[in-house]
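Colleague: Sequence positions in the sequence shown follow our numbering and run 14 to 396.
No residue lacks a Cβ here, since even glycine has one placed at the ideal position from N, Cα and C.
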Amino acid sequence: MTGARRRQGGSAVGITAWQLVWMVVTTLAIEDATVIDHFLAHVAGIDSWVSILVAAPMGLLGVWAIATLASRRRGFDLVAILRNDLGWLVYLLGPAFVLLFIADATLSSRTFVLVAKTLGEEAYVPEGAFLLLLIGTAMWGAWLGIEVVARVNTAVLWLVDVPLGIFLAALGTNHESLVRLLPILANGWGPIWDMAMFMLGKTGEFVVILVYATAVEVPAKLTRASLWGFCLLIVMALGHSVGPALTFGQSVSDVTWPSYSQIRAIEFGRFLQNLAVTAVIFWIHGFWLETTLFLDAAARTTAKVLGMRSHRKLLLVLGPVVFGLVYLIPTEAQALSERRLLDTWGFLILGLVVPILLLVISVLRGRASRTATPSRRGTPLIR
């Protein structure tokens with residue numbers, strides 16, 4: 014079985030359920046510390062934490078549906094499930110998922126270029142250099158295999174990102190007051206529901222798990238790992254949202270992009286000699302992983318739809334495509350607008366609605382199969 018997978022080049026080998034989930038958690042965490050915070054602050058303000066709590070139960074259900082679908086359909090990846098359950102519609106939904114993944118890789122690359130400018134080095138290094146390095150290493154990582162990317166991510170996440178994040182959080186506990194969270198529901202439920210749908214759409218990024226479902230060594234652990242990973246994301250999102258609100262109160266809605274949560278890092282300057290290095294560690298790791306993951310997912314999905322034996326040659330095509338698409342998003346405002354559109358609708362529909370529909374089909378077919386199978390009890394033996 015392993016040899017067959019290696020020959021096909023379409024599935025990774027030797028990836029655990031936790032490694033797969035940690036990749037999704039890392040990509041969403043870096044977005045939470047940049048783009049997500051921006052939308053939550055400007056729309057919901059100090060009620061951002063309410064939006065997160067409102068979206069959490071629905072998001073948990075969506076993640077459960079995705080992971081359960083992967084566990085029930087063992088040996089099937091995203092395209093195989095679509096082909097098996099929806100027939101010819103795979104040739105519509107398959108390309109739709111490819112476009113979704115390419116769009117995410119493109120916006121991730123564009124976002125990295127934008128936040129890199131906050132380091133003040135754009136006068137010396139052109140943004141194309143940042144972009145070339147990011148997409149080039151993403152193509153290289155995808156070429157080596159997603160199992161390699163997963164192991165590198167797990168190591169960096171737990172040995173660097175988490176300890177550093179805890180350290181920075183400890184330094185940012187000054188000048189906070191619960192009073193700054195008042196009044197609650199100052200602008201009503203409208204902005205809260207708006208951001209709750211946005212957060213729910215972000216949950217749809219877990220759909221990438223289905224692309225690599227056949228590569229997971231113990232599929233039975235996928236559901237538990239996914240649910241715990243989602244809960245960790247909720248905790249981090251609440252921290253990113255509540256922490257700055259406790260410090261800045263209503264003024265968080267007036268802070269400009271890329272991230273109002275990074276403003277607290279200004280206070281860390283007296284503790285850290287080079288704050289820019291800290292930001293670079295988080296940003297490079299997170300945006301590189303997101304670009305790699307979704308570029309690879311796009312290549313694998315395309316290869317499966319077309320019946321190709323390997324996805325690697327497609328990386329040589331899709332990488333330059335992503336590079337070119339970045340330059341079709343010239344402004345910061347356009348990048349933010351397209352990011353919100355993709356997350357609110359693209360991942361909501363394809364990342365949550367479609368998997369839930371596929372899970373329902375799987376359950377109904379399972380029941381129909383059991384009903385059609387005659388019971389052994391009461392069946393006379395033929396001698």
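Taking the alpha-carbon positions, what's the residue 309 to residue 319 distance?
Modeller: In the sequence shown, counting from the first residue as 1, residue 309 sits at position 296. In the sequence shown, counting from the first residue as 1, residue 319 sits at position 306. Rounded to whole angstroms, residue 309 to residue 319 spans 15 Å at the Cα level.
Colleague: Reducing DSSP to helix, strand and coil, say where residue 197 ends up.
Modeller: Position 184 of the sequence shown, counted from the first residue, corresponds to residue 197. In the three-state reduction of the DSSP assignment, residue 197 falls in the coil class.
Colleague: Using only the alpha-carbon positions, how far apart do residue 371 and residue 34 sit?
Modeller: Mapped onto the sequence shown, residue 371 falls at position 358. Mapped onto the sequence shown, residue 34 falls at position 21. Those two C-alpha atoms are separated by around 20 Å.
Colleague: What does the Cβ neighbour count give for residue 197, buried or exposed, with the cut at 16 atoms within 10 Å?
Modeller: Counting from one through the sequence shown, the residue named residue 197 turns up at place 184. Answer is exposed; the Cβ neighbour count stays below 16.
Colleague: Given 8 Å as the limit, is there contact between the region 210-225 and the region 350-368, that is, 3 or more CB pairs closer than that?
Modeller: The region 210-225 vs the region 350-368: in contact.
Colleague: Let me know the alpha helix (DSSP H) ranges lying completely inside the region 342-378, each 4 residues or longer, listed in chain order.
Modeller: 345-354
Colleague: When the Cβ atoms of the region 75-87 are set against those of the region 225-241, are three or more pairs found closer than 8 Å?
Modeller: yes
Colleague: Let me check understanding here. Comparing Cα to Cα, which of 156, 78, 297 lies closest to residue 39?
Modeller: Start at 1 with the first residue of the sequence shown, and residue 39 comes out as number 26. For the residues 156, 78, 297, the minimum Cα distance to residue 39 belongs to 297.
Colleague: Who does residue 403 pair with in a DSSP beta bridge?
Modeller: Nothing about residue 403 can be read from this structure; the chain reaches only from 14 to 396.
Colleague: Which residue wins for smallest C-alpha separation from residue 254, given the options 121, 51, 322, 351?
Modeller: Here residue 254 refers to the residue found at position 241 of the sequence shown. Selected option, being the one with the closest Cα: 51.
Colleague: So what does DSSP say about residue 117, is it helix, strand or coil?
Modeller: Translated into positions along the sequence shown, residue 117 becomes position 104. Three-state DSSP puts residue 117 in a helix.
Colleague: Taking the alpha carbon of residue 233 as the reference point, which residue from 77, 334, 377, 37 has its own alpha carbon closest?
Modeller: Residue mapping note: residue 233 aligns to position 220 of the sequence shown, counting from 1. When each option's Cα is compared against that of residue 233, the closest is 77.
Colleague: When the Cβ atoms of the region 159-166 are set against those of the region 339-348, are three or more pairs found closer than 8 Å?
Modeller: no
Colleague: Do you know offhand how far residue 170's Cα is from residue 259's?
Modeller: Your numbering for residue 170 matches position 157 in the sequence shown. Your numbering for residue 259 matches position 246 in the sequence shown. In this structure, the straight-line span from the alpha carbon of residue 170 to that of residue 259 is close to 27 Å.
Colleague: Short of 8 Å in beta carbon distance, which residues of its chain neighbour residue 156, apart from the five on each side in sequence? Order them along the chain.
Modeller: For the purposes of this step, residue 156 is taken as the residue at position 143 of the sequence shown. The answer, listed in chain order, is 325, 328.
Colleague: Ignoring anything shorter than 3 residues, give me the beta strand (DSSP E) runs that lie fully in the region 287-333, in order along the chain.
Modeller: If we require 3 residues or more, the region 287-333 turns out to have no beta strand (DSSP E) run fully inside it.
Colleague: I need the DSSP call for residue 436, collapsed to helix, strand or coil.
Modeller: Beyond the ends of the chain as shown, which are 14 and 396, falls residue 436; an answer cannot be given.
Colleague: Given a cut-off of 8 Å on the beta-carbon distance, is the pair residue 36 and residue 200 in contact?
Modeller: On the sequence shown, position 23 is the one that residue 36 refers to. On the sequence shown, position 187 is the one that residue 200 refers to. With a cutoff of 8 Å on beta-carbon distance, residue 36 and residue 200 are scored as not near each other.
Colleague: Quick one: what's got a C-beta closer than 7 Å to residue 144's C-beta in the same chain, skipping five residues either side?
Modeller: The residue you call residue 144 lines up with position 131 of the sequence shown. Only residues of its own chain outside the window of five on either side were considered, and among them 122, 126, 336, 339 have a CB closer than 7 Å to the CB of residue 144, listed in chain order.
Colleague: So, for residue 377: in the same chain, excluding its five sequence neighbours on each side, which residues have a beta-carbon less than 6 Å away from its beta-carbon?
Modeller: Counting from 1 along the sequence shown, the entry for residue 377 is found at position 364. So no residue of the chain qualifies.
Colleague: Hey, would you say residue 357 sits closer than 8 Å to residue 210, going by beta carbons?
Modeller: Taking the sequence shown and counting its residues from 1, one reaches residue 357 at position 344. Taking the sequence shown and counting its residues from 1, one reaches residue 210 at position 197. Yes, they are a contact pair.
Colleague: Just the C-alpha distance for residue 400 and residue 375, rounded to the nearest angstrom, thanks.
Modeller: There is simply no residue 400 to check, as the chain begins at 14 and stops at 396 in what is shown.
Colleague: Check the C-beta distance from residue 114 over to residue 91 and give it rounded, since I have them as a contact under 8 Å.
Modeller: On the sequence shown, residue 114 is found 101 positions in, with the first residue counted as 1. On the sequence shown, residue 91 is found 78 positions in, with the first residue counted as 1. Contact flag wrong, Cβ pair sits at about 10 Å.
Colleague: Going by C-alpha distance, which of 333, 311, 334 is nearest residue 323?
Modeller: Position 310 of the sequence shown, counting from 1, holds the residue named residue 323. Minimum Cα distance to residue 323 is reached at 311.
Colleague: Quick check on residue 202: does DSSP put it in helix, strand or coil?
Modeller: If you number the sequence shown from 1, residue 202 lands on position 189. In the three-state reduction of the DSSP assignment, residue 202 falls in the coil class, being assigned neither a helical nor a strand state.
Colleague: Go ahead and pull the three-state DSSP assignment for residue 237.
Modeller: Residue 237 sits at position 224 when you count from the first residue of the sequence shown. Correct three-state label for residue 237: helix.
Colleague: So the alpha helix (DSSP H) residue 140 belongs to, where does it begin and stop?
Modeller: Taking the sequence shown and counting its residues from 1, one reaches residue 140 at position 127. Unbroken alpha helix (DSSP H) run through residue 140: 140-157.
Colleague: If you compare alpha carbons, which of 29, 28, 41 is closest to residue 243?
Modeller: By 1-based counting over the sequence shown, the position of residue 243 is 230. The shortest Cα separation from residue 243 among 29, 28, 41 belongs to 41.
Colleague: Which two residues bound the contiguous alpha helix (DSSP H) that contains residue 67?
Modeller: Locating residue 67 in the sequence shown gives position 54, where the first residue counts as 1. Unbroken alpha helix (DSSP H) run through residue 67: 61-85.
Colleague: In terms of alpha-carbon separation, which member of 345, 235, 359 lies closest to residue 128?
Modeller: As a working mapping, residue 128 is identified with position 115 in the sequence shown. That would be 345, whose Cα lies nearest to the Cα of residue 128.
Colleague: Flag this pair as yes or no: are the beta carbons of residue 304 and residue 147 separated by less than 8 Å?
Modeller: Numbered from 1 along the sequence shown, position 291 holds the residue referred to as residue 304. Numbered from 1 along the sequence shown, position 134 holds the residue referred to as residue 147. Taking 8 Å as the Cβ cut-off, residue 304 and residue 147 qualify as a contacting pair.
Colleague: Assuming residue 91 is part of the alpha helix (DSSP H), what are its boundary residues?
Modeller: Within the sequence shown, numbered from 1, the residue matching residue 91 stands at position 78. Taken as a continuous stretch (DSSP letters only), the alpha helix (DSSP H) holding residue 91 covers 91-99.
Colleague: Let me check understanding here. Comparing Cα to Cα, which of 241, 307, 353, 379 lies closest to residue 73?
Modeller: Taking the first residue of the sequence shown as 1, we reach residue 73 at position 60. It is 241.
Colleague: Within a Cβ cutoff of 7 Å, which residues of the same chain sit near residue 331, ignoring the five residues on either side of it in sequence?
Modeller: If you number the sequence shown from 1, residue 331 lands on position 318. Same-chain partners within the cutoff: 115, 308, 311, 312.
Colleague: Rounded to whole angstroms, how far is the Cβ of residue 295 from the Cβ of residue 43, which I believe are closer than 8 Å?
Modeller: Residue mapping note: residue 295 aligns to position 282 of the sequence shown, counting from 1. Residue mapping note: residue 43 aligns to position 30 of the sequence shown, counting from 1. That belief holds up - the Cβ atoms of residue 295 and residue 43 are roughly 6 Å apart, short of 8 Å.
Colleague: In three-state DSSP terms, what is residue 107?
Modeller: Start at 1 with the first residue of the sequence shown, and residue 107 comes out as number 94. Correct three-state label for residue 107: helix.
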